[in-house]
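One structure is given here, and the rest of the page talks about it.
The structure is reproduced here in structure tokens:
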């Protein structure tokens, strides 16, 4: 069963934008999972969440939170 972004109780792109408000945020769902890309001040950070993990919304939020921490270190 493929999970779609509209199945969540939160907007995935909005939450991804919160991870780095200064960045241009790209979101691309695919058959293999969700792909995120943030671009800011000449820097790029990418995150992929595998399809089988998408059934756990808390996991997605946790990975986006971890991405925010990693971007803050750059």
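Residue numbers (my numbering): 85 to 158.
Backbone N, C-alpha and C define an ideal beta-carbon position, used for all residues, glycine too.
If you follow the alpha helix (DSSP H) that residue i is in, where does it begin and where does it stop?
i	result
residue 120	Per DSSP, residue 120 belongs to no alpha helix (DSSP H); it is in the beta strand (DSSP E), 117–124.
residue 157	141–157
Are the C-beta atoms of residue i and some chain D residue less than 8 Å apart?
i	result
residue 158	Checking the listed chains, one finds no chain D in this structure; it contains a single protein chain.
Which residues in the same chain as residue i place their Cβ atom closer than 7 Å to its Cβ, once the five residues preceding and following it in sequence are excluded?
i	result
residue 112	119
residue 100	109, 111, 120, 148
Taking all protein chains shown into account, do 16 or more other C-beta atoms lie within 10 angstroms of the C-beta of residue i, making it buried, or fewer, making it exposed?
i	result
residue 128	exposed
residue 97	exposed
residue 153	exposed
residue 115	exposed
For residue i, collect the residues of the same chain with a Cβ closer than 8 Å to its Cβ; drop the 5 residues on either side in sequence, then sort them by chain order.
i	result
residue 125	106
Specify whether the region 133–140 and the region 99–111 touch according to this definition: at least 3 beta carbon pairs, one from each stretch, less than 8 Å apart.
no
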